[in-house]
Every structure is written in C-alpha cells, then in structure tokens.
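Okay, structure first, notes after.
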Amino acid sequence: MSRLLAFLLATVIPPVASADALEWLQRMSEAVRQSTYEGTAVYRNGDQLESLRIYHRFADGREWERMYSLSGQQREILRQADNVICILPEQKAVLTDDLGLRGLLPKLPRAAFEKLNSHYELIEFTHDARVAGRSCREIHIRARDIYRYSYQVCLDQDTAVPLDIRLIGEGGELLEQVIFTHIEFPASLDSELFEAGVDVSGFRHVSQAAPAAEDARGADAFWEMRDLPAGFRLANREFGHWPGFDSPVLQMLYTDGLASVSVFATAQQIPEAALQGLTRMGGVNAYGIMKDAHHITVVGEVPQATVRFFGDNLQQVSVPVQP
Numbered sequence: 243m244s245r246l247l248a249f250l251l252a253t254v255i256p257p258v259a260s261a262d263a264l265e266w267l268q269r270m271s272e273a274v275r276q277s278t279y280e281g282t283a284v285y286r287n288g289d290q291l292e293s294l295r296i297y298h299r300f301a302d303g304r305e306w307e308r309m310y311s312l313s314g315q316q317r318e319i320l321r322q323a324d325n326v327i328c329i330l331p332e333q334k335a336v337l338t339d340d341l342g343l344r345g346l347l348p349k350l351p352r353a354a355f356e357k358l359n360s361h362y363e364l365i366e367f368t369h370d371a372r373v374a375g376r377s378c379r380e381i382h383i384r385a386r387d388i389y390r391y392s393y394q395v396c397l398d399q400d401t402a403v404p405l406d407i408r409l410i411g412e413g414g415e416l417l418e419q420v421i422f423t424h425i426e427f428p429a430s431l432d433s434e435l436f437e438a439g440v441d442v443s444g445f446r447h448v449s450q451a452a453p454a455a456e457d458a459r460g461a462d463a464f465w466e467m468r469d470l471p472a473g474f475r476l477a478n479r480e481f482g483h484w485p486g487f488d489s490p491v492l493q494m495l496y497t498d499g500l501a502s503v504s505v506f507a508t509a510q511q512i513p514e515a516a517l518q519g520l521t522r523m524g525g526v527n528a529y530g531i532m533k534d535a536h537h538i539t540v541v542g543e544v545p546q547a548t549v550r551f552f553g554d555n556l557q558q559v560s561v562p563v564q565p
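Quick note: to get my numbering, add 242 to the position in the sequence shown (first position is 1).
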C-alpha cells in the first residue's frame, strides 16, 4: 500500500473515540479465552508463511487449545490452561512449558488497556471490513514513540475474536501476521480434537519451565536498570538454574502492559555461542553484551532501540543486605 493511499484512507475514514476502541479491546481480551472455535489460519513472519489448523475450547472454566502446522516444518502445540506442550516430530522432541503462551496480544482487563493510552493511540475505524467471510471491526493500536511496535487487529463483529492480528514495525512495515482464512463457532468441540495427533513414544522430553526460585542474595551479582523507557516496569524477577547453564541465571521481565522484554544475566561465558550485538527474527529482536564478566541477553517483541536501551542501562549493584 502506498503512503498516499494510506494517507487517503486515514483521512477519509473517520476514526471512533478511543473509549469505543477500549470497549472492543476488552471484549477481545475476554473472547480469546472464553470462545469456542475451530478454523484455519495463516501465520506470516517476514517472508515466511505457515498454514495452521486451530481448535480452541472453553469448558468448565478451563481453556483448551490445539494447533498444528499444515505446511512447512511439522509441529503441534497443545495447551490446557497455562500448561503448554510443543511436539516437534522431525527433532523427535517434546517441549514442556508451564509459563503459557502470550500470543501477539495479552489478555488484559480494561484498566490495563486504559493505561496504554499514554504510550499507544487506540483508534477504531468504522469502515466495513471482512476476514474469512465475516464482518469485523478494525482497531489500530499505534505506538507513540520508538520503543514499541504498533498493532492492527480486526475483531469479529459477533464474538470479538481477533480474525486478523498484525504487528507493525517502526516504518509501517508488516513484521508478523496471524489471519484466519476460515473459522467456525460451534457450541462445543469433542475432547478428542485436543489430543496429540503424533505418537511421541521414544521422543526426548525437554522442560522449558521456569527455574526453581532461589534467594538472589546467593548470587554473585545483583542487577537493576539505571533507566527505563517510559511506561515499562519490572513485572517479575527470578533467579535460579536453567537447563544448559552451569551458573545460575537471573531473569527480569519488563512490560508496558502490551509489549514485554526479558533480560537474562549469567556469569557463564560461552564466547563462541553467546550472542554479541543485535539480531532479529521477524518482530523479535535480541541484544547480547558482556558486562562485568557476565553475559547479558535482552529479548523482546520490540524494536532494536528498546532491547539496546535495556542492555546498555543494566547495571550491577550491591546485593541488598537483609537485617
């Protein structure tokens, strides 16, 4: 789409007040968890396309999901509440993660979305839009600075389930997209549809679960941010042993309510394998740097300026002494 056409669309199509956009985002936040649906979607990451079959059910107060690839590398993801299993048949591996899948947009209460107004502009467009043969409402979540991406979502008119989710880069380029090509909303789905379609007998099992928390006073270094991009806050800090690391790892999670950044610090040095500098895959950027004999890794679905900001502003401080 040319810049001129984009300008004309933004000029001719009247946006609705952000209060209405907040109402739709709140409906979406509830719908992505509480709706039952099945469909086929296309996931785009840069120039790579992947077709997916998706089943989602909400029953007895619990959320169930099964997603498997129809093209590209074979893989399957099963989720029950916050427990996630990823099956990789080509690697004969099963990955277990008890942290849950966040997806492109988190499930937030209205109050959390309202706080985003300082750093994102929320706009609902009133023109008719259609995805997978269904009418939908288009909402743009535009970043107000260089430290976060923008989002475009098209929400089903009847259910508020997002039928099209786009992650937009600083220059307006499309970084990631999940769009349904077909979707149905049955009253219920059979439990058999949420069972693995691959026999995992003999597969190796790898746990990606969070490490058991330890007392940070036992670490050889304590870290904190000298400064943060406006709106970001520390959401979680964990210190423990991760698979593949000889030394304990400190993980800090920062969020602005929509975007999130993970910071890892470990005394283990792997010069050949450790990330140095910036790297990017689709909408995910990572930054690696050595500080005070520790390797620091910053990862997030945020611009490069953001991961660099976090890495450069991380500083080692004295471990707080408890009385």
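For every residue, glycine included, the Cβ atom is placed at its ideal position computed from N, Cα and C.
Three-way DSSP call (helix, strand, coil) for residue i in this model
| i | result |
| --- | --- |
| E415 | coil |
| T200 | The requested residue 200 does not occur in the structure, where the chain is confined to residues 243 to 565. |
| A353 | helix |
| D554 | helix |
| S377 | strand |
| S311 | strand |
| D387 | coil |
| L267 | helix |
| Q322 | strand |
| A371 | strand |
| L358 | helix |
| L435 | helix |
| A547 | helix |
| A240 | Because the chain here runs from 243 to 565, residue 240 falls outside it and cannot be looked at. |
| R459 | At R459, the pLDDT of 46 sits below 50, so the modelled position is not reliable; the number obtained from the coordinates is stated separately. Helix at R459. |
Residue i, enclosing alpha helix (DSSP H) - first and last residue
| i | result |
| --- | --- |
| T508 | No alpha helix (DSSP H) holds T508; the beta strand (DSSP E) holding it covers 502–508. |
Neighbour flag for residue i against chain D, beta carbons, 8 Å
| i | result |
| --- | --- |
| D534 | Of the chains in the structure shown, none is chain D; there is only one protein chain. |
Proximity to residue i [Cα-Cα], best of the options
| i | options | result |
| --- | --- | --- |
| M532 | T497, G553, I296 | G553 |
| I383 | C396, A374, R372, I296 | C396 |
| E543 | G524, D534, A535 | G524 |
| L476 | Q493, E380, G482 | Q493 |
| S293 | L431, P428, T423, A507 | T423 |
| A335 | E356, S392, G473, R446 | R446 |
| G473 | N359, Q276, L337 | N359 |
| Y285 | E265, M270, L312, L267 | L312 |
| V326 | Q316, Q290, Q419, L337 | L337 |
| W195 | S277, D398, D387 | Nothing can be reported for residue 195, as the shown portion of the chain is limited to 243 through 565. |
| A273 | A374, R468, P404 | P404 |
| D400 | T548, N555, Q557, M270 | M270 |
| A371 | G530, D406, L291, Y389 | D406 |
| E480 | R468, L500, V505 | V505 |
| Y279 | D387, A263, H361, S430 | S430 |
| F355 | T548, D498, G530, F551 | D498 |
| G414 | Y297, G482, G375, P545 | P545 |
| Q315 | R295, T539, G288, L330 | L330 |
| Y297 | D289, Y310, R304, G288 | Y310 |
| Q558 | A547, D469, G519, A528 | D469 |
| Y362 | S377, A385, G375 | A385 |
| R304 | V540, C328, R275 | R275 |
| E418 | G288, G281, T521 | G288 |
| R308 | R295, E466, S377 | R295 |
| W465 | V373, A283, D534, I425 | D534 |
| L364 | L264, C378, E426 | L264 |
| V440 | D398, C328, R379, H537 | C328 |
Residue i - containing beta strand (DSSP E), residue span
| i | result |
| --- | --- |
| R446 | 446–449 |
| D398 | 392–398 |
| D406 | 404–410 |
| H537 | 536–542 |
| N527 | 526–533 |
| T521 | 519–523 |
Bridge partners - residue i, DSSP secondary structure assignment
| i | result |
| --- | --- |
| R286 | L291, Q419 |
| Q333 | Answer by DSSP bridge pairing: none, since Q333 is not bridged. |
| T338 | I327, S449 |
| N478 | L495 |
| F300 | E305 |
| E466 | Q557 |
| E426 | E280 |
Closer than 7 Å: residue i CB and nearest the ligand COA heavy atom
| i | result |
| --- | --- |
| G473 | Inclusion of the ligand COA in the displayed structure is not the case, the ligand content being empty and no account of it being possible. |
Under 8 Å, with one C-beta from each stretch per pair, do the region 301–321 and the region 428–438 reach the 3-pair mark? yes
The region 388–395 touching the region 407–419, judged by at least three CB pairs closer than 8 Å: yes
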